[in-house]
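Enquirer:
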Amino acid sequence: MKKNQALKILNPAIGLLVLNQAISSSLHDFIPKEVFEIFHEGGGVLLASGAVLHLYFNWSWVQATYLNKKGPGAS
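Numbering follows the numbering used here, in which position 18 of the sequence shown is assigned residue number 20; successive positions increment by one, without gaps.
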């Protein structure tokens, strides 16, 4: 699978996981603890994993944008 194809799947998945975190957090007092643990804690692990993958796939952009800038007066 090419990088762009993977990102077309990964980016919406990360968006859904962010929504999952917000919704499960908001409903914490109304849902059973077992359900909360599955959705919020499990979703958090998946979200962190997705963020790492996202960074991996976009590392060349990160390097070009933030890590290779030359300071003033550098040649």
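Where is the CB? At the ideal position from N, CA and C, for every residue including glycine. Fair warning: this is a prediction, and the values are worked out from it, not measured in the lab.
Apart from the five residues on each side of it in sequence, which residues of its chain come closer than 8 Å, Cβ to Cβ, to V64?
Expert: On the sequence shown, position 62 is the one that residue 64 refers to. Closer than 8 Å at the Cβ level, and outside the excluded window around V64, lie L57.
Enquirer: Please state if the CB of S26 and the CB of G45 are separated by a distance shorter than 8 Å.
Expert: Counting from one through the sequence shown, the residue named residue 45 turns up at place 43. Counting from one through the sequence shown, the residue named residue 26 turns up at place 24. Yes, Cβ-Cβ distance for G45 and S26 is below 8 Å.
Enquirer: I'd like to check one pair, L49 with L29: are the Cβ atoms closer than 8 Å?
Expert: For this step, residue 29 is matched to residue 27 along the sequence shown. For this step, residue 49 is matched to residue 47 along the sequence shown. No; because the gap between Cβ atoms is not below 8 Å, this pair is not in contact.
Enquirer: Mapping DSSP to helix, strand and coil, what is H56?
Expert: Position 54 of the sequence shown, counted from the start, is the residue given in the question as residue 56. Of the three classes helix, strand and coil, the one that applies to H56 here is helix, per DSSP.
Enquirer: CB-CB under 8 Å to H42, same chain, minus the five flanking residues each way: which ones, in chain order?
Expert: Counting from 1 along the sequence shown, the entry for residue 42 is found at position 40. Answer for H42: N22, Q23, S26, S27 and H30, listed in chain order.
Enquirer: Assuming F59 contacts A15 under a Cβ cut-off of 8 Å, what Cβ separation, rounded to an integer in Å, is found between them?
Expert: Walking along the sequence shown from the start, residue 59 turns up at place 57. Walking along the sequence shown from the start, residue 15 turns up at place 13. Not quite, the Cβ-Cβ distance comes to about 13 Å (not below 8 Å), so this is no contact.
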